[in-house]
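Presented below is the structure to which this report refers.
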Amino acid sequence: MGIDRRSFIKIAGLSALGVAAKSATDLIAGVDRPNEAVRTGKRLAMVIDLRKCKADDGCTDCIDACHSVHNVPDFRTPAGDVDKKVEVKWIWQDHFEHAFHEHEHEFLKEKIRHKSVLLLCNHCDNPPCVKVCPTQATWKREEDGIVMMDWHRCIGCRYCITACPYGSRSFNWSDPREVLKQTDPSFPTRSKGVVEKCTFCEERITRGQIPACVEVCKEGALVYGDLRDSDSTIRNLLRSNYSIRRKSGLGTQPEIYYIV
Amino acid sequence: MIEKALSGSKGYWIWIFILLGVIATGSLFWLRQFNEGLVITGLSRDVSWGFYIAQFTFMVGVAASAVMVVLPYYLHNYKAFAKITILGEFLAIPAVIMCMTFIFVDMGQPFRIVNVFLHPSPNSMMFWDTVALSGYLMLNVLISRVTLDSERKSIPPPKWIKPFIIISIPWAVSIHTVTAFLYAGLSARPFWMTAVLAPRFLASAFSSGPALLILLVLLLKRVTKFDAGKEPVQKLAVIAAYAMSLNVFLIGMELFTVFYSNIPEHMTHFQYLFSGEGNLVPWMWTSVILAILTLSLIIPPATRRNEKILAVACVTLILSIWIDKGMGMIVAGFVPNPFGAIIDYAPTIPELMISLMVYALGALILTIMYKVALSVRESIA
Numbered sequence: 001m002g003i004d005r006r007s008f009i010k011i012a013g014l015s016a017l018g019v020a021a022k023s024a025t026d027l028i029a030g031v032d033r034p035n036e037a038v039r040t041g042k043r044l045a046m047v048i049d050l051r052k053c054k055a056d057d058g059c060t061d062c063i064d065a066c067h068s069v070h071n072v073p074d075f076r077t078p079a080g081d082v083d084k085k086v087e088v089k090w091i092w093q094d095h096f097e098h099a100f101h102e103h104e105h106e107f108l109k110e111k112i113r114h115k116s117v118l119l120l121c122n123h124c125d126n127p128p129c130v131k132v133c134p135t136q137a138t139w140k141r142e143e144d145g146i147v148m149m150d151w152h153r154c155i156g157c158r159y160c161i162t163a164c165p166y167g168s169r170s171f172n173w174s175d176p177r178e179v180l181k182q183t184d185p186s187f188p189t190r191s192k193g194v195v196e197k198c199t200f201c202e203e204r205i206t207r208g209q210i211p212a213c214v215e216v217c218k219e220g221a222l223v224y225g226d227l228r229d230s231d232s233t234i235r236n237l238l239r240s241n242y243s244i245r246r247k248s249g250l251g252t253q254p255e256i257y258y259i260v
Numbered sequence: 261m262i263e264k265a266l267s268g269s270k271g272y273w274i275w276i277f278i279l280l281g282v283i284a285t286g287s288l289f290w291l292r293q294f295n296e297g298l299v300i301t302g303l304s305r306d307v308s309w310g311f312y313i314a315q316f317t318f319m320v321g322v323a324a325s326a327v328m329v330v331l332p333y334y335l336h337n338y339k340a341f342a343k344i345t346i347l348g349e350f351l352a353i354p355a356v357i358m359c360m361t362f363i364f365v366d367m368g369q370p371f372r373i374v375n376v377f378l379h380p381s382p383n384s385m386m387f388w389d390t391v392a393l394s395g396y397l398m399l400n401v402l403i404s405r406v407t408l409d410s411e412r413k414s415i416p417p418p419k420w421i422k423p424f425i426i427i428s429i430p431w432a433v434s435i436h437t438v439t440a441f442l443y444a445g446l447s448a449r450p451f452w453m454t455a456v457l458a459p460r461f462l463a464s465a466f467s468s469g470p471a472l473l474i475l476l477v478l479l480l481k482r483v484t485k486f487d488a489g490k491e492p493v494q495k496l497a498v499i500a501a502y503a504m505s506l507n508v509f510l511i512g513m514e515l516f517t518v519f520y521s522n523i524p525e526h527m528t529h530f531q532y533l534f535s536g537e538g539n540l541v542p543w544m545w546t547s548v549i550l551a552i553l554t555l556s557l558i559i560p561p562a563t564r565r566n567e568k569i570l571a572v573a574c575v576t577l578i579l580s581i582w583i584d585k586g587m588g589m590i591v592a593g594f595v596p597n598p599f600g601a602i603i604d605y606a607p608t609i610p611e612l613m614i615s616l617m618v619y620a621l622g623a624l625i626l627t628i629m630y631k632v633a634l635s636v637r638e639s640i641a
C-alpha cells in the first residue's frame, strides 16, 4: 500500500510538473506577443460616423437587422419593457456621456452629451476577455482579428463579462429560445447559461457579405473594412477625420473608431 | 477509520440530520436554478458576480489559514499546536470543497466545467486557481490522512510525508494569492486594480481562519471530551490579533492611495460602499464598527486572555471580514459599472438558500472529519 501510494504520488507529481512547465512556456510565449499572422493578414475594423448616424431621430435599423439575423433574444419585463437586468444586446445605443464618460465634462456641448452612440464589441487587438477565458471559448481569430465565441464550449463563468471594459458581453440568465418570436434558421440559437456578443458577422463575411448593421445603414454611418489595406475606405476616413476610441488608455486596442 | 463517524451521541445525529435537511432543501433551490437559469438570483448584466463568488473568496481564506497552525507546528516544532494541527488541516478540506461548490453553483453551464481541464488555458487566472485549489485539496487530504493514521497506530508519521507538509505551506499562500489575481489584473475593474489585494486577502485570511479555529476548539471543548488547553487557543488569538491589525493597516493603505490620488474611477467604488443609497452601505459600516470592536478586544492581553471575551472578538472579527472581503469586495468591483452607472444588487432567497446548502455541506464534512479525528484520539487514550 505504501509503495503503491508512493509511486502514485510520484507519477501524479511528475505529470503535474509537466503540465505546469508546458503551461509556463505557453504563458511566456503566447500572451501579449504581437500576433505575426494578424500583422500580415487582415485587421477588420469599423468606423462609426456619429455625424451621419440618425440614432437621435429614433433610427434603430442596424440594431433591428443585427438582432434579427443573429436570433438575439428580447427579454421583457411583465409590463412589456426591455428588462435591463437580463438584457442581451450585440449592438445598442447609449448617450455619449456614458459611452465616453471619460470625455464628459461640465461644459460639453449639450448636443454631444446626450447624443446616442452605437456600441458593440470592440474586437480589441488585445482583448482582455480572451485572456481571462478559462476554456478558450472566446478567442481572437488569426486571419482577421475578429473576437470569436464558441457557445458550445462556454461554461458560463462570466469572467469575460467581468474583464470587458466596454460592457459588450451579455449572459443568458434564462433560456433565450423561449423569448424568440422568430428564429432565423441559418444562424444558431443559444442555450441558457452562456455568454454571447457581436462576432462582426463572421458568418456573413465567410459568405462574402458585409456585416448586417453596415449593410442596412441608409446613412452610410457605419463603415467597415481592413485596416491593413492603406487604400481602404476605412483608412481614408481615419486619415481625413479626427476619431476617438472608447477607453483607449487601457491598452486593449479597440478596433471600433468613432468620428464625432 | 471512517466507521468512527457512524457511531455517535443523540446530539451528534440530530446535528447531522439538521445539516442533511438544509442540504436537501438547498438542493431543491439549486435544481430550480439549474432548470430556470441564474435568472432566479439577484445577479444582472451589470453585477454578474455576487453572493456565490463572495462566499468563494471568503472560504479560500479559511482554507489557506490552515498554514497558521501547520507552519508553527512542523517548521518551528511548536508543540502546543500538536493537538490542534489536525483540526486546522481538517478545516482546510471542507473549506476548499466549499470553494469549488460555490464556483460550481455560479456556473451558467455547470456540467461543462470539465472544459477547464479539457482545454487548459494558462493565460486565465481561473485556470491557475483551479490548479492551486485542487492541488491544495489533495495535499491536505494526503497529509491529514497519513498523520492521523500514524497517530492511530501511535507511531511517528512516515518520513516521506514531510516534503508534502513543507510544500503545503507555500501552497496555502499561493491559493489565496492566485485568488486575488483573479480580480487584481483586470483593467476593466479599477476597484480591484491594486497590488495590495493579495496581501489584504492573506492578512484577512490569517485572522479570520485562526478566529474560526478558536471558536471550533472552544465549541469542541463544550460538546465533546476534547480539550486543547489554553496555550494553543491563546497563541491562535495572538496570530489573529496581528493578522487583523495588518489587514486594517492594508485597508488604510488602499484608502490613502485612492483618495489622495483623487482619481474618480478608483474613488467612486468606495463612495458607493460607504455613502449614498446603496444596499451595502449599512453592511460596510457594520463591518467597520466590528473591526474596531475586534481590535479593541483582541489586542489588550487582559481581554484576549479571557476566553469568553475572546470568543466574542472572534465572532466580530469573522463577521467584519466576511462582509468586507465577501460582498463588499466583489459587488463594489461591478458598481459603478463601466458606464459610470450605479446598478445595485441584492441576493435573492433562492441564492441565499443555495449558499446555505454549500455551508451545510461544508459543516457536514467538517463534523464527520472532526468526529473521526477525535474518536481516534479517544481510542488511543
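Chains as they are written, first to last, in this note's numbering: chain G, 1 to 260; chain B, 261 to 641.
Quick reminder that beta carbons are idealized off the backbone N, C-alpha and C, glycines included.
- Quick one: list the residues of chain G neighbouring L457(B), beta-carbon separation under 9 Å, in chain order. Those do not exist, as L457(B) stays about 14 Å from chain G at its closest Cβ, beyond 9 Å.
- Query: Quick one: is W452(B) buried, meaning 16 or more other Cβ sit within 10 Å of its Cβ, or exposed?
  - Reply: buried
- Task: Say whether chain B places a C-beta atom closer than 8 Å to the C-beta of W173(G).
- Result: yes
- Query: Thinking C-alpha only, which one of C217(G), D231(G), L227(G) and Y242(G) is nearest L118(G)?
  - Reply: C217(G)
- Message: If we define contact as Cβ-Cβ less than 8 Å, is F461(B) a contact residue for chain G?
- Response: no
- Item | DSSP state of M148(G) mapped onto helix, strand, coil | strand
- Task: Use the C-beta contact count for D218(B): other C-beta atoms within 10 angstroms, 16 or more gives buried, fewer gives exposed.
- Result: This structure cannot speak to residue 218(B), because chain B is shown only from 261 to 641.
- Item | Cutoff 8 Å: W529(B) Cβ touching any chain G Cβ | Here the sequence assigns His to residue 529(B), which means Trp is not the residue at that position. It does not: the Cβ of H529(B) has no partner Cβ on chain G nearer than 8 Å.
- Query: Any residues in the region 184–204 of chain G with a beta carbon nearer than 9 Å to a beta carbon of chain B? Which ones, in chain order?
  - Reply: S191, K192, G193, V194 and V195
- Report the rounded CA-to-CA distance for L555(B) versus R564(B), giving the unit in angstroms. 10 Å
- Query: Among all the DSSP beta bridges, which residues are the ones paired with V195(G)?
  - Reply: F171(G)
- Message: Does R245(G) come out as helix, strand or coil in the three-state DSSP assignment?
- Response: coil
- Three-way DSSP call (helix, strand, coil) for Y338(B) in this model: coil
- Message: Between which two residues does the beta strand (DSSP E) holding M46(G) run?
- Response: L44 to D49
- Query: Just the Cα atoms here: how many angstroms apart are S243(G) and G145(G)?
  - Reply: 20 Å
- Beta-carbon separation (whole angstroms), V632(B) vs I353(B), contact threshold 8 Å: Not quite, the Cβ-Cβ distance comes to about 12 Å (not below 8 Å), so this is no contact.
- Query: Quick one: is P430(B) buried, meaning 16 or more other Cβ sit within 10 Å of its Cβ, or exposed?
  - Reply: exposed
- Let me know the secondary structure DSSP gives H95(G) once reduced to three states. strand
- When the Cα atoms are used, what is the spatial distance from P165(G) to S447(B)? 7 Å
- Are there 16 or more other CB atoms within 10 angstroms of the CB of N566(B), so buried, or fewer, so exposed? exposed
- Would I274(B) be called buried (16 or more neighbouring beta carbons within 10 Å of its own) or exposed? exposed
- Query: With 16 as the cutoff for other CB atoms within 10 Å, does R460(B) come out buried or exposed?
  - Reply: buried
- Just grab the DSSP bridge partners of V117(G) for me. D94(G)
- Item | Length of the line joining the Cα atoms of V572(B) and G271(B) | 24 Å
- Task: Take the Cβ of Q293(B) as the centre, count every other Cβ of all protein chains shown within 10 Å, and call the residue buried at 16 or more, exposed below.
- Result: buried
- Message: Need the endpoints of the beta strand (DSSP E) that W139(G) sits in, please.
- Response: T138 to K140
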